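Undergrad:
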Amino acid sequence: MALPLWKNALQTTKKMILQQRRLSLYNSAHGYKEELIKKKLQQFAGGSINLSKEDNGIGILTLNNPKLMNAFTGTMMVELQERVTELENWKDGKGLIIHGAGNTFCSGSDLNAVKEISNSQDGMNMCMFMQNTLTRLMRLPLISVALVQGKAFGGGAELTTACDFRLMAPGSEIRFVHKSMGLVPGWGGAARLVRIVGSGAALQLLGGAVRVDPERALRLGLSDQTLPSSDETRALGEARAWLSQYTDAPATVIRAVKNVVTAGRELPLEAALRTEKDIFGTVWGGPANLQALVRRPKHK
Ligand SMILES: CCC(=O)SCCNC(=O)CCNC(=O)[C@H](O)C(C)(C)COP(=O)(O)OP(=O)(O)OC[C@H]1O[C@@H](n2cnc3c(N)ncnc32)[C@H](O)[C@@H]1OP(=O)(O)O
Numbered sequence: 194m195a196l197p198l199w200k201n202a203l204q205t206t207k208k209m210i211l212q213q214r215r216l217s218l219y220n221s222a223h224g225y226k227e228e229l230i231k232k233k234l235q236q237f238a239g240g241s242i243n244l245s246k247e248d249n250g251i252g253i254l255t256l257n258n259p260k261l262m263n264a265f266t267g268t269m270m271v272e273l274q275e276r277v278t279e280l281e282n283w284k285d286g287k288g289l290i291i292h293g294a295g296n297t298f299c300s301g302s303d304l305n306a307v308k309e310i311s312n313s314q315d316g317m318n319m320c321m322f323m324q325n326t327l328t329r330l331m332r333l334p335l336i337s338v339a340l341v342q343g344k345a346f347g348g349g350a351e352l353t354t355a356c357d358f359r360l361m362a363p364g365s366e367i368r369f370v371h372k373s374m375g376l377v378p379g380w381g382g383a384a385r386l387v388r389i390v391g392s393g394a395a396l397q398l399l400g401g402a403v404r405v406d407p408e409r410a411l412r413l414g415l416s417d418q419t420l421p422s423s424d425e426t427r428a429l430g431e432a433r434a435w436l437s438q439y440t441d442a443p444a445t446v447i448r449a450v451k452n453v454v455t456a457g458r459e460l461p462l463e464a465a466l467r468t469e470k471d472i473f474g475t476v477w478g479g480p481a482n483l484q485a486l487v488r489r490p491k492h493k
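Counting from 1 along the sequence shown, just add 193 to a position and that's the residue number in this note's numbering.
#1: If distances are taken between C-alpha atoms only, which option among Phe298, His292 and Gly348 comes closest to Leu304?
#2: Quick one: is the Cβ of Ser302 within less than 7 Å of any heavy atom of ligand 1?
#3: Quick one: what does DSSP say Gly223 is sitting in, helix, strand or coil?
#4: Got a sec: does ligand 1 put a non-hydrogen atom nearer than 7 Å to the Cβ of Phe237?
#5: Suppose you measure from the CA of Glu247 to the CA of Ala485; what does that come to, to the nearest Å?
#6: Just the C-alpha distance for Arg448 and Gly430, rounded to the nearest angstrom, thanks.
#7: Beta carbon of Leu413, beta carbon of Phe369: below 8 Å?
#8: For Phe322, report the span of its alpha helix (DSSP H) as first-last.
#9: Should the region 358-377 be called in touch with the region 402-420, which here means at least 3 C-beta pairs below 8 Å?
#10: Which residue or residues does DSSP assign as beta-bridge partners of Glu366?
#11: Please confirm whether Ile389 and Ser337 have their CB atoms less than 8 Å apart.
#12: Since Phe298 is in the alpha helix (DSSP H), which residue starts that stretch and which ends it?
#13: Whole-angstrom Cβ separation of Gly252 and Leu335, contact assumed at under 8 Å?
#14: Which whole-angstrom value describes the C-beta separation of Thr297 and Gly343, a residue pair presumed to lie in contact below a C-beta threshold of 8 Å?
#15: Looking only at its own chain, which residues have a Cβ that is under 8 Å from the Cβ of Pro363, when we skip the five neighbours before and after it?
#16: For Asp357, count the other beta carbons within 10 Å of its own beta carbon; 16 or more makes it buried, fewer makes it exposed. Which is it?
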């Protein structure tokens with residue numbers, strides 16, 4: 194017998210909450226009180242996080258607070274979480290480009306808000322909130338790119354490390370300025386940076402609050418390509434073209450590719466192998482696989 198509509202909706206909501214918990218790092222067992230920190234963050238308003246989902250399966254996420262070089266206000270942190278939830282529920286998505294409005298990426302957390310929540314409890318809660326969101330962002334079944342134009346500083350630099358790839362426009366820079374602020378990264382940026390560039394280079398970048406230009410970033414493996422254009426619109430077009438080489442297949446296949454890589458990166462070998470087997474089962478004999486068997490392409 195079919196379930197009444199309200200029961201269906203309740204089950205879907207329950208499933209979503211459970212999925213979010215699974216993909217998040219912190220919950221009440223860690224002393225994390227999400228509703229409390231959200232209420233606090235809502236007090237620091239300004240800017241927005243905009244998402245446009247295109248028919249070709251590419252999402253464009255825009256950090257929009259150009260007056261403050263796209264610094265993250267409290268409401269932007271909450272909106273980022275909402276947009277990530279939206280992306281988790283977007284079943285046709287294949288790729289994501291994150292960029293900043295006004296031809297610059299992001300100057301980190303809004304220092305006006307930071308001043309107001311400088312006690313350690315608020316700081317820890319904000320840190321857990323952002324780690325949860327960025328971990329869910331990193332685990333999206335979408336191939337993600339941070340398009341760095343202008344400056345990616347502090348939390349902005351950390352956000353770039355939650356993406357699969359970083360593309361840099363000429364003249365742009367990534368800089369972990371935390372040391373100069375008497376801080377270390379807290380949004381997961383250090384842990385992810387070590388995995389991207391290795392511990393020696395990460396120590397240099399964090400310990401020296403080093404200015405990383407596109408050339409150095411490319412050398413370190415922090416950036417995947419320097420784009421030809423520094424113009425905002427043209428660079429976005431170039432980032433789309435770059436990403437399309439990895440998203441040129443049905444969504445089920447691209448999402449499976451991302452998921453096997455996430456499992457390989459995050460799980461112990463045996464668990465990763467079992468997960469890979471399960472994901473393989475979702476594409477084996479699927480429409481893309483059957484069509485390829487009919488076409489019998491030669492991979493020259
Ligand atoms: C997670 C922990 C963290 O994120 S800690 C790191 C926090 N971020 C920072 O310390 C960056 C501070 N900002 C800067 O160093 C400079 O503003 C940078 C980004 C280099 C830009 O310089 P410049 O191109 O000369 O522009 P500007 O300084 O005139 O800035 C324009 C207006 O934006 C503001 N702004 C910038 N960043 C922030 C920020 N993070 N929080 C709050 N406001 C910020 C500037 O104050 C300036 O505002 P105004 O025009 O003076 O009113």
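Note that beta-carbon positions come from the ideal geometry of N, C-alpha and C, so glycine has one too. Note that the structure is predicted; figures quoted are calculated from it, not measured.
TA: Checking against the coordinates, here is how it stands:
#1: By one-based count along the sequence shown, residue 304 stands at place 111. For Leu304, the nearest C-alpha among the options comes from Gly348.
#2: For the purposes of this step, residue 302 is taken as residue 109 along the sequence shown, with counting starting at 1. Yes.
#3: In the sequence shown, the residue the question calls residue 223 occupies position 30. The identity of residue 223 in the sequence shown is His, whereas the question assumes Gly. In this structure, His223 counts as helix in the three-state DSSP scheme.
#4: On the sequence shown, position 44 is the one that residue 237 refers to. No, Cβ of Phe237 sits at least 7 Å from all heavy atoms of ligand 1.
#5: The residue labelled residue 247 in the question sits at position 54 within the sequence shown. The residue labelled residue 485 in the question sits at position 292 within the sequence shown. Approximately 26 Å, taken between the alpha carbons.
#6: The residue given as residue 448 occupies position 255 in the sequence shown. The residue given as residue 430 occupies position 237 in the sequence shown. For Arg448 and Gly430, the distance between alpha carbons rounds to 22 Å.
#7: Looking up residue 413 in the sequence shown gives position 220. Looking up residue 369 in the sequence shown gives position 176. No; because the gap between Cβ atoms is not below 8 Å, this pair is not in contact.
#8: In the sequence shown, the residue the question calls residue 322 occupies position 129. Run containing Phe322: Ser313 to Met331, per the alpha helix (DSSP H) assignment.
#9: By the C-beta criterion, the region 358-377 is judged to be in contact with the region 402-420, since at least 3 inter-stretch pairs fall below 8 Å.
#10: Position 173 of the sequence shown, counting from 1, holds the residue named residue 366. In the DSSP output, where bridge partners are listed per residue, Glu366 has Lys344.
#11: Stepping through the sequence shown from its first residue, residue 389 is reached at position 196. Stepping through the sequence shown from its first residue, residue 337 is reached at position 144. Contact flag unset, no.
#12: The residue labelled residue 298 in the question sits at position 105 within the sequence shown. First-last for Phe298: undefined, no H or E at that position.
#13: Along the sequence shown, one-based indexing puts residue 252 at 59. Along the sequence shown, one-based indexing puts residue 335 at 142. At roughly 7 Å, the Cβ-Cβ gap stays under 8 Å, so Gly252 and Leu335 are in contact.
#14: In the sequence shown, the residue the question calls residue 297 occupies position 104. In the sequence shown, the residue the question calls residue 343 occupies position 150. Going by Cβ atoms, the distance from Thr297 to Gly343 rounds to 3 Å, so yes, they are a contact pair.
#15: In the sequence shown, residue 363 corresponds to position 170, counting from 1. For Pro363, where only same-chain residues beyond five positions count, the Cβ hits under 8 Å are Pro407, Thr419, Leu420, Pro421, Ser422 and Ser423.
#16: Position 164 of the sequence shown, counting from 1, holds the residue named residue 357. It is buried - the Cβ of Asp357 has at least 16 other Cβ atoms within 10 Å.
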